[in-house]
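Residue numbers (numbering that gives the first Met the number 0), protein chains in the order written: chain A, 0 to 105; chain B, 0 to 105.
2 protein chains.
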Amino acid sequence: MVELMPERLDAVFHALADPTRRAMLRSLADEEKSVGDLAAPFAMSLAAASKHIKALERAGLVGRTVRGRTHLCRLEPAPMAGAHDWLAFYQRFWTSRLDVLEGLLR
Amino acid sequence: MVELMPERLDAVFHALADPTRRAMLRSLADEEKSVGDLAAPFAMSLAAASKHIKALERAGLVGRTVRGRTHLCRLEPAPMAGAHDWLAFYQRFWTSRLDVLEGLLR
DNA sequence: AGTTCATTTAACCGAATGGTTGACGTTCCG
DNA sequence: CGGAACGTCAACCATTCGGTTAAATGAACT
Numbered sequence: 000m001v002e003l004m005p006e007r008l009d010a011v012f013h014a015l016a017d018p019t020r021r022a023m024l025r026s027l028a029d030e031e032k033s034v035g036d037l038a039a040p041f042a043m044s045l046a047a048a049s050k051h052i053k054a055l056e057r058a059g060l061v062g063r064t065v066r067g068r069t070h071l072c073r074l075e076p077a078p079m080a081g082a083h084d085w086l087a088f089y090q091r092f093w094t095s096r097l098d099v100l101e102g103l104l105r
Numbered sequence: 000m001v002e003l004m005p006e007r008l009d010a011v012f013h014a015l016a017d018p019t020r021r022a023m024l025r026s027l028a029d030e031e032k033s034v035g036d037l038a039a040p041f042a043m044s045l046a047a048a049s050k051h052i053k054a055l056e057r058a059g060l061v062g063r064t065v066r067g068r069t070h071l072c073r074l075e076p077a078p079m080a081g082a083h084d085w086l087a088f089y090q091r092f093w094t095s096r097l098d099v100l101e102g103l104l105r
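What follows is the structure, given as structure tokens:
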């Protein structure tokens with residue numbers, strides 16, 4: 000169990016609540032990418048994409064290594080484990096046979 | 000796998016990004032509660048709490064049954080499964096031995 | 001009928017969000 | 001050196017958010 004402090008959990012869930020940011024994470028799952036590479040698929044300014052990346056960094060979901068003039072971004076999955084664990088608490092509510100039974104009775 | 004449409008995923012993660020709303024869900028995990036009961040633990044107006052509950056309803060995380068003048072709220076866990084599944088895609092990144100190895104090398 | 005209880009709605013406020021444009025460092029390259 | 005490439009920063013704008021108070025709805029209890 001990876002216990003995550005509540006403010007960190009706020010930042011993680013908030014970061015995940017945006018489709019652009021989720022797509023960026025998917026993209027980083029394949030390989031590390033520069034800010035420009037990350038921004039390329041989206042119809043928005045580089046500055047806007049940069050803000051999204053900073054939101055991901057605030058959540059601890061993305062790390063950055065500056066090499067020369069390019070900033071290399073990589074997936075930092077640890078906080079996701081925390082969010083995953085938080086959700087797992089409720090797993091019994093959607094997997095329990097009791098839940099299925101209740102669904103049938105209603 | 001419970002595939003969740005992206006807008007629904009937006010609403011779910013956004014709903015989870017607030018500590019008040021997460022606490023309300025915890026509270027509903029114990030038993031169904033009225034709006035007033037849900038609002039009681041928090042230092043905010045009933046109207047504010049009502050808005051939080053509506054955010055949870057928009058995400059599909061909470062259902063409501065109006066009986067008389069009281070609204071009974073219950074946990075609706077299905078969308079959580081979707082969010083949980085979305086996160087599970089990244090699970091390999093925080094559980095893989097490769098990840099641990101990379102951590103050591105860095 | 002009148003009042004009280006449970007909750008929503010409406011109007012408003014300040015702060016944060018997601019986007020833009022333009023100016024500004026750096027770094028690479030000729 | 002001079003310029004292009006990569007990215008951030010600052011200012012601005014419209015929208016959303018999380019909260020407030022006050023008024024409105026609807027059900028229940030004398």
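The C-beta atom is built at its ideal place from N, Cα and C for all residues, glycine as well. Here the structure is a predicted model, which is why all the values come from computation and not from measurement.
What's the call for residue i, buried or exposed, on a 16-neighbour Cβ count within 10 Å?
i	result
B:Val-65	exposed
B:Gly-67	exposed
A:Lys-53	exposed
A:Pro-78	buried
A:Leu-45	exposed
At what residues does the beta strand (DSSP E) containing residue i begin and finish?
i	result
B:Val-1	Neither: B:Val-1 is in no beta strand (DSSP E) and is coded neither H nor E.
A:Arg-68	Where A:Arg-68 is concerned, there is no enclosing beta strand (DSSP E), given that its DSSP letter is neither H nor E.
Using a cut-off of 9 Å between C-beta atoms, extract the partners of residue i located in chain A.
i	result
B:Met-79	Leu-86, Tyr-89, Gln-90, Phe-92 and Trp-93
B:Leu-45	Going along chain A, no residue has its Cβ under 9 Å from B:Leu-45, so there is no contact; the nearest lies around 23 Å.
B:Pro-5	Pro-18 and Arg-21
Using a cut-off of 7 Å between C-beta atoms, extract the partners of residue i located in chain B.
i	result
A:Phe-12	Phe-12, Leu-15 and Ala-16
A:Leu-74	Phe-92
A:His-51	Correct list: empty, because the minimum Cβ distance to chain B is about 14 Å.
DSSP three-state call for residue i: helix, strand or coil?
i	result
B:Leu-8	helix
A:Leu-60	coil
B:Ser-95	coil
B:Ser-33	strand
Listing by chain order, which chain A residues have their CB less than 8 Å from the CB of residue i?
i	result
B:Asp-9	Ala-16, Asp-17 and Pro-18
B:Ala-28	Phe-88, Tyr-89 and Phe-92
B:Ala-48	None at all; the shortest Cβ gap to chain A is about 18 Å.
For the alpha helix (DSSP H) that residue i lies in, which residues bound it at each end?
i	result
B:Met-23	18 to 29
A:Pro-78	77 to 87
Would you mind telling me which residues of chain A sit closer than 7 Å to residue i, beta carbon to beta carbon, in chain order?
i	result
B:His-70	In chain order: nothing, as chain A lies at least about 17 Å away.
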